[in-house]
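First residue of the sequence shown: 371, per the working numbering; consecutive thereafter.
Step one of this worksheet: look at the structure below.
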Amino acid sequence: MAQTSLIIQTLKNCLKEQAVTYANVADSLSLSEASIKRIFSEENLSLQRLDEICKLLNMDISDLTKRAELSKEEIMELTEEQEVEFIKQPKLLFMAYMLLNDFDFETITNYYKIEELEGVQLLAHLDRIRFIDLLPGNRVKLLTSRNFRWRKNGAIDKLFNQQIRKEFFQSNFVKPDELMMFSGTMLSRSSILLFHKKIEKLINEFNDLAKQDASLPFEERVGCGFVGAIKPWVFSDFLQLRK
């Protein structure tokens with residue numbers, strides 16, 4: 371992660387920890403909430419504004435940079451053995467998934483078929499493999515990076531290809547809250563690689579929205595899936611026409 375992105379993400383984490391909203395930041399900086407969201411999205415934050423936000427959090431820029439450096443030690447991916455363990459224990463995978471999506475222990479046990487004792491055991495397991503730090507009151511601190519990914523061609527990736535992808539695309543995407551768009555064209559290799567970056571940025575924005583909405587009541591949110599993909603490809607019927 372570039373240094374600027376790392377600082378911005380660390381700042382977002384600090385805001386969340388202290389329950390400081392974008393609206394609070396906007397009031398402090400005498401800007402609109404939309405402007406604050408745009409500043410964070412574009413990662414275009416001046417030193418003066420960064421300092422003002424840090425003061426709002428009762429910290430200084432040096433504290434923020436120290437936290438950013440420590441965050442470099444966060445887990446980027448699990449080992450293959452750990453992912454296999456998740457596959458063998460679906461509830462362990464589910465608990466990890468929910469924690470990655472900012473659900474707290476109470477919400478998970480209130481809305482899903484996981485009893486408190488079983489839930490505590492799952493948290494303890496995730497703590498043992500250093501996926502989380504288990505804190506008093508069944509609170510957790512994720513030890514995963516913002517850019518945490520399941521292993522390429524690993525156990526979870528294979529589950530996605532074998533089952534999850536099939537379930538996801540069993541839809542015509544015609545409901546008001548559904549959307550699928552497809553476009554085919556010809557691009558240079560450099561443009562393809564550039565588009566990789568755009569997809570990665572869009573995925574990060576998708577995850578940022580999830581973090582913003584994490585404070586909303588459970589009933590006001592719905593599970594969502596987003597797939598971004600690009601590959602050199604030509605429809606087989608068209609390919610047959612090529613000389």
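A virtual CB, placed ideally from N, CA and C, is assigned to each residue, including glycine.
- Counting along the chain, Lys511 sits inside the beta strand (DSSP E) bounded by residues Arg509 to Leu512.
- About 36 Å separates the Cβ atoms of Thr477 and Phe565, ruling out a contact at the 8 Å cut-off.
- It is roughly 42 Å from the alpha-carbon of Thr435 to the alpha-carbon of Glu537.
- The criterion of a C-beta distance shorter than 8 Å is satisfied by Thr380 and Ala438.
- Counted as a single uninterrupted DSSP element, the alpha helix (DSSP H) harbouring Leu463 occupies residues Pro460 to Leu470.
- For the set Leu505, Pro506, Gly507 and Phe501, the Cα lying nearest the Cα of Trp520 is the one of Phe501.
- Here the alpha carbon of Ser560 sits roughly 16 Å from the alpha carbon of Trp603.
- Three or more beta-carbon pairs drawn from the region 490-506 and the region 465-476 are found closer than 8 Å, and the two stretches are therefore classed as touching.
- A contact is defined here as three or more CB-CB pairs under 8 Å, and the region 450-461 fails this definition with respect to the region 408-417.
- For Leu505, the enclosing beta strand (DSSP E) begins and ends at Ile502 to Leu505.
- Beta-bridge partners assigned by DSSP to Ile445: Thr514.
- The way I'd put it, the region 379-399 does touch the region 417-426; three or more beta-carbon pairs between them come closer than 8 Å.
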